[in-house]
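Residue numbers (this note's numbering): 3 to 269.
Idealized CB from N, CA, C, for every residue including glycine.
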């Protein structure tokens, strides 16, 4: 979709809320459909989040009534790219191929089809509006969900459910998404962002290096396939040794013994 109204607003923004980075897709006039300008803006916001040690958790949401309508199909029809040449290694939206150690929560405040669902799948956790829907309808347009949808959906839900969703292109309701563990919370639309930020703050209150190491082990373990593989234990043991050498690993037990909240240094 192309912009129907002129706007001076940036197509994506980053707002700092304590230790949380709130990244907002900001083309509400076209339901946050992704064009090249948005891809560049999201990439910049994600890079700023990743580089700042004071920002421990990210929350990705959409402005207005949609999370994201996915690819801007009017841009596609006009032959205009949705990412710049420099972003090919980062993928659609400047984010989908970006490996992040820090956790990211999707606050799915509304409609999220196609690339919108793929943006959600690129996040670690998700809070979804009870009136929102997800879906990968690409086959109904003669294309495939090449922005990670086909790669990630079957890791989050049973194979038969992933196949039905991708081969039919049918919508996934909030109720079904919660039932199959595709999202962590379903709440009324007006509470989505507050719930996502509350979850982010719970995570951000923990030792940041330990949180990042935990995320790495879980994701890399999925690639190894079995917790009986020696490589899996080598991975877990190596991360544990590294974390135990940090100042935060000393601060946690000390704070517990002194009956106070820990003061994390992130080192």
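| query | Would DSSP call residue 260 helix, strand or coil? | reply | coil
| Run through DSSP, which three-state label would residue 133 get? | coil
| Does DSSP put residue 187 in a helix, a strand or coil? | Residue 187 falls in the strand class under three-state DSSP.
| message | Looking only at its chain, what residues have a beta carbon closer than 6 Å to the beta carbon of residue 234, apart from the 5 residues adjacent to it on each side? | response | 223, 226
| query | Which same chain residues, not among the five before or five after residue 23, have their C-beta less than 8 Å away from its C-beta? | reply | 16, 17, 47, 50, 51, 54, 57, 59, 60, 61
| message | Classify residue 261: buried if its beta carbon has 16 or more other beta carbons within 10 angstroms, exposed otherwise. | response | exposed
| message | Can you tell me which residues form a DSSP beta bridge with residue 174? | response | 136
| query | Leaving out five residues before and five after residue 14 in sequence, what residues of the same chain have Cβ atoms less than 6 Å from its Cβ? | reply | Residues 27, 28, 40, 43, 44, 47 of the same chain have their beta carbon placed closer than 6 Å to that of residue 14, with the five preceding and five following residues left out of the count.
| request: Within the same chain, show all residues whose beta-carbon is closer than 6 Å to that of residue 163, passing over the 5 residues directly before and after it, in chain order. | output: 182
| request: Run through the region 227 to 255 for me and flag every whole beta strand (DSSP E) of 3 or more residues, listed as ranges in chain order. | output: Taken in chain order, the region 227 to 255 contains no complete beta strand (DSSP E) segment of 3 residues or longer.
| request: Take the Cβ of residue 104 as the centre, count every other Cβ of all protein chains shown within 10 Å, and call the residue buried at 16 or more, exposed below. | output: buried
| field | C-alpha gap between residue 144 and residue 121, whole angstroms | value | 20 Å
| query | Where do the N-terminal and C-terminal ends of the alpha helix (DSSP H) with residue 44 fall, by residue? | reply | 38 to 53
| query | How is residue 97 classed by DSSP in three states: helix, strand or coil? | reply | coil
| said: Can you tell me whether residue 265 is helix, strand or coil according to DSSP? | reply: coil
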